[in-house]
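Numbering-wise, my numbering puts 1418 at position 212 of the sequence shown, and it's gapless, one number per residue. We treat Cβ as the ideally placed atom computed from N, Cα and C, and that holds for glycine.
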Amino acid sequence: MLKIGMEIMIELHNQGKEETYKSKIADIRDNQIYIQYPLNIETNRTSYLPANITMYANFVSENLTAYTFRTYVNGRIRNPVPMLILHYPGRDNLMKIQRREYVRIAVSVDVACEFSESGSKFATVTEDFSAGGCLIIIPSTTNVHQGESGKICVVLVMKDQEYHYLELSCKIKRIFEKEGMKYASIQFIDNQKYEQQLIRFCFEKQVEYRKKGIDI
């Protein structure tokens, strides 16, 4: 499940402010995880996390399943580099975040589409998004067809404000109208190259929405 070298994200509330950090797992021993001193996502500076304050750690396993668990700092060592020791509650206390193709997040993502069959090129936004596909708004002047294959360029803004520009093959699975707007359900094709980024984006949004009490 957890492996040395995996990236781990840590979130905590400090003086009424939510802070996010990223680090890498350096060692695992029994119920303890040894990590490099984490970087604050906002400041990009190494930080010293307070001891015995409840935090949430998030990671994506080797089989691309996302998990979160409660933790706290219960020690520091220098062997030979400084590391923090996090409490690890064990596999039974991990909360699995639902997988990519089953979870659609209501989020607006900038996309650019190109469909050669209809000769259509257009920029638009998503109504919802998952690592397996998305629902886009079709501009009123655009003509595309159900079943048509093409390319979609997706701009993902991660929680640490990193921008990821992904160009994916895609297929229009369905076209429909709702409340005067035209929509297309898009399936990503052969997305293995960008699967990690897609899952990470959806995972971060799920964690964000859960903390705000928003139903997914």
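For residue i: DSSP bridge partner residues
| i | result |
| --- | --- |
| Asn1246 | Tyr1227 |
| Met1387 | Lys1384 |
| Tyr1262 | Glu1217, Arg1276 |
| Val1331 | Asp1316 |
| Ser1375 | Lys1357, Ile1395 |
| Lys1302 | Tyr1273 |
Residue i: first and last residue of the uninterrupted alpha helix (DSSP H) it sits in
| i | result |
| --- | --- |
| Arg1406 | 1401-1418 |
Residues near residue i by beta carbon distance below 8 Å, same chain, minus five either side
| i | result |
| --- | --- |
| Arg1297 | Met1207 |
| Pro1244 | Ile1216, Tyr1227, Lys1228, Ser1229, Thr1252, Ser1253, Leu1255, Leu1290 |
| Arg1380 | Gln1352, Ala1390, Ser1391 |
| Cys1376 | Cys1319, Gly1339, Ser1355, Gly1356, Lys1357, Ile1358, Ile1392, Gln1393, Phe1394, Ile1395 |
| Tyr1262 | Ile1216, Glu1217, Leu1218, Thr1274, Phe1275, Arg1276, Thr1277, Val1413 |
Residue i versus residue j - alpha carbon distance
| i | j | result |
| --- | --- | --- |
| His1219 | Arg1416 | 15 Å |
| Gly1386 | Arg1282 | 59 Å |
| Glu1323 | Glu1213 | 41 Å |
| Ile1210 | Asn1269 | 15 Å |
| Asn1246 | Asp1366 | 9 Å |
| Thr1271 | Phe1265 | 8 Å |
| Gln1242 | Arg1284 | 10 Å |
| Ile1405 | Ala1337 | 6 Å |
| Ala1257 | Val1413 | 23 Å |
| Glu1307 | Pro1286 | Note that Glu1307 has pLDDT 46, beneath the 50 cutoff, so the model's placement of it is unreliable and no number is given. |
| Ile1343 | Ala1329 | 9 Å |
Reference residue i, options the options, closest by Cα
| i | options | result |
| --- | --- | --- |
| Tyr1400 | Asp1233, Cys1319, Cys1359, Asn1349 | Cys1359 |
| Phe1409 | Val1317, Ile1311, Ile1239, Gln1242 | Ile1311 |
| Ser1267 | Val1317, Tyr1371, Met1301 | Met1301 |
Residues near residue i by beta carbon distance below 6 Å, same chain, minus five either side
| i | result |
| --- | --- |
| Lys1327 | Glu1320 |
| Glu1368 | none |
Extent of the continuous beta strand (DSSP E) to which residue i belongs
| i | result |
| --- | --- |
| Ser1355 | 1355-1363 |
| His1351 | Per DSSP, His1351 belongs to no beta strand (DSSP E) and is neither H nor E. |
Residue-level contact to chain B via CB, residue i, 9 Å cutoff
| i | result |
| --- | --- |
| Thr1348 | Protein chains in the displayed structure number just one, and chain B is not present. |
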